[in-house]
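Novice: So that we are looking at the same thing, I have put the structure below in structure tokens.
Protein chains: 4
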Amino acid sequence: MAAQKKESVVLLIQCKDRKGIVARVSGFIHDFGGNILHSDHHTDEETNDFLMRMEFATEGLQIPPDELPAAFAPIAKVFEMRYEIHLSSRRTRVGMLVSKQDHCLADLLQRHRRDELHIDIPVIISNHDTCASWAELFKIPFAVYPVTKETKPQQEQQVLSQLREQRVELVVMARYMQILSAEFLSQVGCPVINIHHSFLPAFIGANPYRQAYDRGVKIIGATAHYATQDLDEGPIIEQDVIRVGHRDSVEDLVRKGRDLEEMVLARAVRRHIERRVLVYGRKTVVFD
Amino acid sequence: MAAQKKESVVLLIQCKDRKGIVARVSGFIHDFGGNILHSDHHTDEETNDFLMRMEFATEGLQIPPDELPAAFAPIAKVFEMRYEIHLSSRRTRVGMLVSKQDHCLADLLQRHRRDELHIDIPVIISNHDTCASWAELFKIPFAVYPVTKETKPQQEQQVLSQLREQRVELVVMARYMQILSAEFLSQVGCPVINIHHSFLPAFIGANPYRQAYDRGVKIIGATAHYATQDLDEGPIIEQDVIRVGHRDSVEDLVRKGRDLEEMVLARAVRRHIERRVLVYGRKTVVFD
Amino acid sequence: MAAQKKESVVLLIQCKDRKGIVARVSGFIHDFGGNILHSDHHTDEETNDFLMRMEFATEGLQIPPDELPAAFAPIAKVFEMRYEIHLSSRRTRVGMLVSKQDHCLADLLQRHRRDELHIDIPVIISNHDTCASWAELFKIPFAVYPVTKETKPQQEQQVLSQLREQRVELVVMARYMQILSAEFLSQVGCPVINIHHSFLPAFIGANPYRQAYDRGVKIIGATAHYATQDLDEGPIIEQDVIRVGHRDSVEDLVRKGRDLEEMVLARAVRRHIERRVLVYGRKTVVFD
Amino acid sequence: MAAQKKESVVLLIQCKDRKGIVARVSGFIHDFGGNILHSDHHTDEETNDFLMRMEFATEGLQIPPDELPAAFAPIAKVFEMRYEIHLSSRRTRVGMLVSKQDHCLADLLQRHRRDELHIDIPVIISNHDTCASWAELFKIPFAVYPVTKETKPQQEQQVLSQLREQRVELVVMARYMQILSAEFLSQVGCPVINIHHSFLPAFIGANPYRQAYDRGVKIIGATAHYATQDLDEGPIIEQDVIRVGHRDSVEDLVRKGRDLEEMVLARAVRRHIERRVLVYGRKTVVFD
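Protein chains in written order, with the numbering used here: chain L, 5 to 292; chain Z, 5 to 292; chain C, 5 to 292; chain H, 5 to 292.
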């Protein structure tokens, strides 16, 4: 995709739908010498929400990218837009949360090593030391903050401090088996992506593979979503599924599910990093 | 598959697992000159349930197939088996229940016309006359029994009479939008297959496509299951899914879902007809 | 999708990529009071080809849609564009070609009856009379032109005459088992969509299911493509696959493949009708 | 699956189909006190080949597993069977061949670390030193034998020596980018599994992702097969696919393909290790 190769700017916009938005925004980019590499938008006909992503080359741009937000502000005011402007060359700082299971972490670290994801990982945080060797292998700082029911508030503050200190811009829960409190989520100051090991909204809560086994489903799934205060209810970014059968034990479901979890989480992170995901209400628009 | 071409016998068995079942049953078949075309079995390690399907050629069999049940009874007694014996040459009599939506009905009728399913369809029953033209086209008797909240018990009795009169051995709810009462299910005397237009257990109940749209899922599904008194909780026979995105309206989900519903229901019916499905507890074993 | 509900205009554009195309085209639409419902574009970085689809509402448009082509011509000239303008309210006239197998035809006719596809079908043409009953059921004229090796040129002229007489704008080969000659294709004057019963480029030519069986593949597929003079080499619009195994006979592959063929062909036709497909070189861009 | 938990014996059989095989073999197992955990068989109706896999518990077996082959020999003689007997508790010794790309290797090593695969990996062999760090991390001996066109015969002898020395029972080409010579394959003395980065038989040979991009396919695939002297023509064990579109560059296909290659290769290795794969002619029977 263009974003990886040439330097580009991604402009994300949300407002109520009106005539002339595309013309006005593409005119703005053209006036400053920008070449649109990719644009996509969506209007929700039930709510009249308009959501747009425009990606344009910085090459030939007659304004320093830093000054784009100020230059765009007047247009945003006219249409009452919320907007974000991202430079593709800036790597997103991702903080990883993990517990004992290492497969999602190991998968993301390998993609990171191949630079598939265009991120920096300044820290891996865990409530156990099980995954320390992965951090060591990839030379990433690893912080362990054990947690009990009683110490949860303090532990969350430690995690928050660490994330802030590392100026983390995205938190990825790579099978972090703790529920983040409403307070944590309100303080974290950046999006949090979680992987749930079921095809939501089926099998909410604990032990989804056991639940799936007991229900006798013929397909299992995994779901990556933004974490919100309503557990397992956050906006869904990506889902995928795999067939299972009567011969599969709960352990087989867990094993098959691992592959799913890795892929679904990696796709969600990639789409977030490339700023292809816009949240509105409890839903997402994902611009492929 | 062999069943379609050569005449064969299918033997279905359920009992608690013990040593020697396969040897004893295959010995029984061999002793009467039967050639096993296909055999499969499964042991649930948690419950110790043993389930088996054996299919053997009637060609060369030194006992009239009609006498097989009596001949097999002593073995069944030793192992405390429940068992069924089916002749592949005997067509299953299928009664169709349908409401206004015709796609699942039309799909099954076409498969029937190509003799994909090896069934007879003595009757199509509906609470509306919408699908009458399909019945006419395929020259199948069509019975309309309108239903209201008040007349439901009587209407169900009419449906039951009709099914009995036609000696129906399987009822297929091809998008029949009425919930069958516990009483109906206890009286019907044969299995009932239903198609639910969601990936169960997600989106139980009414308007699953609307529910899926509101939740913002990235994949929708369809589920064929045996109808039981617990609505949408019956043993699942088959499921499948298709990707959806933010551009898909509820109407698009309905349209994409139709293809799924047709395929999933047809696969479930085919497997039932070929006696590949065994129910135990609220789960199925499906021997492909 | 919006196109089905509100009347809209679809503008398709192809040219070499330059700065300012999106701004200029969206400005053009805005100047005439059009509200862009959907826009998408793609630049092939290897060839520098720019391809765009813009869909805008006719409601509020301050120019009769008929005059849009003339109004747009000057812009097209500046950018050396090829372009097409379609009104969503105009139904596309589709001519169906079919041989003995009826499943793709029956499937499209049923979708047509539900008005899933927004088409008219003025004629079904076949080299056999096998599918006459379908034509009769759906009250569509059915023309039979038998063909032999010797009479092929004359038969193709008969088919062409019929298509022209019915002012057909799209030809759909719904398992038409004749290879259209280069001459036919150069004279037909509208796109031709074919369904090939394999995952192209695997198993080109005759009996792909037999070929797939002999090769022992674990997945089979179907491919919808525009017909060109190079057999099975035309630009691919859509493909899909299904799992198969060692138990599946050639007949089972044929049966499983039927479902695939129907769905893949229907999706390709729908995308063409909605003007979501642009051809360049031997490839397509499909704007979902 | 049972094989992982209880110790079991897997018996694989190939012969021409006759009456009484299942009865005789299951009787044999029963006579020695074995409890059949799983059995499956397949008859190719075109060739009359009979292929069977029976898995039975060693618990309660009244014969030492080592003596089973001799005990079974007389039955094998009667039916002219080829047969193999494997103990599930014996780990298969797997030699890995790899070149510069590390994703399939890294994936298998991680599965190995979780003991998903029940194998030993005594050696990783490469023609480059790129993957040395993975070998080091997992503490597996790593041997580098560089190869040029001229030195290929010698290099292959070095590889063969190393494999023999390590008593390797399965060779896995985890993206080993050298074609094994007919001589190598005739000398290696154990099965060789290769992963080809396309949906065979499409895109045989070099650069399949480039070929797929140029053809404009909508789906790409990966194929795991036994290596034979006919390049990319060996018996297929497993295939899978993923959707691609016009936005995907060749690099995107490569990236998406990596996930496929890892999963398809891992599934093929697992099935081989569990002795679920039987080869006959150029096809496989895979007993799930």
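Ideal Cβ positions, reconstructed from N, Cα and C, are used throughout, including at glycine. Please read all numbers here as calculations on a predicted model, not as lab measurements.
For chain Z, find out if any of its Cβ atoms is closer than 9 Å to the Cβ of L:Arg259; answer yes or no.
Specialist: Not an interface residue.
Novice: Please state whether DSSP places L:Cys108 in a helix, a strand or coil.
Specialist: Looking at L:Cys108 - three-state DSSP - the assignment turns out to be helix.
Novice: In three-state terms, what does DSSP make of C:Lys222?
Specialist: It is coil, neither helix nor strand.
Novice: Would you call the segment 122-138 of chain Z and the segment 186-201 of chain Z touching, i.e. three or more CB-CB distances under 8 Å?
Specialist: These segments do not touch.
Novice: Check whether the Cβ of H:Val14 lies closer than 9 Å to any Cβ atom in chain Z.
Specialist: No, H:Val14 does not count as interfacial toward chain Z.
Novice: What does a CB cutoff of less than 6 Å around L:Ile144 pick up in its chain, not counting 5 residues either side in sequence?
Specialist: For L:Ile144, where only same-chain residues beyond five positions count, the Cβ hits under 6 Å are Ile125, Ile128.
Novice: Indicate whether at least one CB of chain H lies closer than 9 Å to the CB of C:Gly220.
Specialist: Cβ-Cβ to chain H under 9 Å: yes for C:Gly220.
Novice: For Z:Met85, tell me which candidate among Z:His276, Z:Arg22, Z:Ala110 has the shortest Cα-Cα distance.
Specialist: Measuring from the Cα of Z:Met85, the nearest candidate turns out to be Z:Arg22.
Novice: Short of 7 Å in beta carbon distance, which residues of its chain neighbour C:Cys108, apart from the five on each side in sequence? Order them along the chain.
Specialist: Correct list, in chain order: Ala178, Arg179, Ile199, Glu265, Glu266, Leu269.
Novice: Taking only beta-carbon positions, decide if C:Pro205 is within less than 9 Å of chain H.
Specialist: It does; some Cβ of chain H falls within 9 Å.
Novice: For Z:Met267, report the span of its alpha helix (DSSP H) as first-last.
Specialist: Element bounds for Z:Met267: 254-277.
Novice: Determine the DSSP secondary structure at H:Lys153, reduced to helix, strand or coil.
Specialist: The answer is coil: DSSP assigns H:Lys153 none of H, G, I, E or B.
Novice: Measuring CA to CA, which of C:Phe83, C:Glu169, C:Leu16, C:Gln182 is closest to C:His132?
Specialist: Taking only the C-alpha atoms, the option nearest C:His132 is C:Gln182.
Novice: Which of the three DSSP states is assigned to H:Lys81 in this structure?
Specialist: Reduced to three states, the DSSP call for H:Lys81 is helix.
Novice: By Cβ distance below 7 Å, which residues in the same chain neighbour C:Met147 in space, the five residues on each side in sequence not counted?
Specialist: Per the sequence shown, the amino acid found at residue 147 of chain C is Ala instead of Met. Excluding residues within five positions, the ones whose Cβ falls inside 7 Å are Val127, Ile129, Gln166.
Novice: Under 9 Å between C-beta atoms, does Z:Val82 make it to chain D?
Specialist: The displayed structure is made up of protein chains L, Z, C and H, and chain D is not among them.
Novice: Assuming H:Tyr284 and H:Leu257 form a contact by the criterion Cβ under 8 Å, report the distance between their Cβ atoms to the nearest whole angstrom.
Specialist: That belief does not hold up - the Cβ atoms of H:Tyr284 and H:Leu257 are roughly 33 Å apart, past 8 Å.
Novice: Decide if the segment 46-53 of chain H is in contact with the segment 11-31 of chain H; the criterion is three or more beta carbon pairs, one per stretch, under 8 Å apart.
Specialist: The answer is yes - the segment 11-31 of chain H touches the segment 46-53 of chain H, with three or more Cβ pairs under 8 Å.
Novice: Expressed to the nearest angstrom, what Euclidean distance is found between the alpha-carbon atoms of C:Gln8 and C:Ser92?
Specialist: Confidence at C:Gln8 is low in this model, with a pLDDT of 46, below 50, so its placement is unreliable and the value that follows should be read with caution. Whole-angstrom Cα-Cα distance: 7 Å.
Novice: My output table needs one value for C:Arg247: the three-state DSSP class, helix, strand or coil.
Specialist: Here C:Arg247 sits in strand by DSSP.
Novice: Please list, in chain order, the chain C residues whose beta carbon lies closer than 9 Å to that of Z:Arg279.
Specialist: Correct list: empty, because the minimum Cβ distance to chain C is about 15 Å.
Novice: So which residues of chain C does L:Leu41 contact, with C-beta pairs closer than 8 Å?
Specialist: Simply Thr47.
Novice: Using C-beta distances below 8 Å, list every residue in its chain close to H:Leu65, excluding the 5 sequence neighbours before and after it, in chain order.
Specialist: So the qualifying residues of the chain are Val13, Phe36, Gly37, Gly38.
Novice: Should C:Leu184 go down as buried or exposed, given a rule of 16 or more other Cβ atoms within 10 Å for buried?
Specialist: Burial call: buried.
Novice: Quick check on L:Arg95: does DSSP put it in helix, strand or coil?
Specialist: In the structure shown, L:Arg95 sits in coil (DSSP, three-state: anything other than H, G, I, E or B).
Novice: Would you say C:Ile40 touches the ligand GDP, meaning its beta carbon is less than 8 Å from a heavy atom?
Specialist: The ligand GDP is absent from the structure shown, which contains no ligands of any kind.
Novice: Counting only the same chain and skipping the five closest in sequence on each side, list residues whose C-beta sits under 8 Å from that of Z:Pro150.
Specialist: Cβ within range, chain order: Asn131, His132, Gln159.
Novice: Only counting the same chain, and skipping five residues up and downstream in sequence, which positions put a Cβ closer than 7 Å to that of Z:Ile67?
Specialist: So the list reads Phe36, Ala75, once near-sequence residues are dropped.
Novice: Can a CB atom of chain Z be found closer than 9 Å to the CB of C:Ala110?
Specialist: Yes, C:Ala110 lies at the interface with chain Z (some Cβ there is under 9 Å from its Cβ).
Novice: Which residue marks the beginning of the alpha helix (DSSP H) containing Z:Ile33, and which one marks its end?
Specialist: Segment 25-35, the alpha helix (DSSP H) holding Z:Ile33.
Novice: Any Cβ of chain H within less than 9 Å of the Cβ of L:Glu11?
Specialist: Not closer than 9 Å to any Cβ of chain H, the Cβ of L:Glu11 fails to qualify, so no.
Novice: In the DSSP assignment, what residue or residues form a beta bridge with Z:Ile241?
Specialist: Looking at the DSSP assignment, Z:Ile241 forms no beta bridge with any residue, so it has no partner.
Novice: Reducing DSSP to helix, strand and coil, say where H:Ala190 ends up.
Specialist: Checking the sequence, you will find Ser at residue 190 of chain H rather than Ala. Reduced to three states, the DSSP call for H:Ser190 is helix.
Novice: Listing by chain order, which chain Z residues have their CB less than 8 Å from the CB of C:Pro114?
Specialist: Per the sequence presented here, residue 114 of chain C reads as Gln, with Pro not at that position. Going along chain Z in sequence order, the residues near C:Gln114 (Cβ under 8 Å) are His107, Ala110.
Novice: Compare the C-beta of L:Glu265 against all C-beta atoms of chain H and say whether one is closer than 9 Å.
Specialist: Chain H contact via Cβ: absent.
Novice: If you follow the beta strand (DSSP E) that C:Ser202 is part of, which residue opens it and which one closes it?
Specialist: No beta strand (DSSP E) contains C:Ser202, which DSSP labels as neither H nor E.
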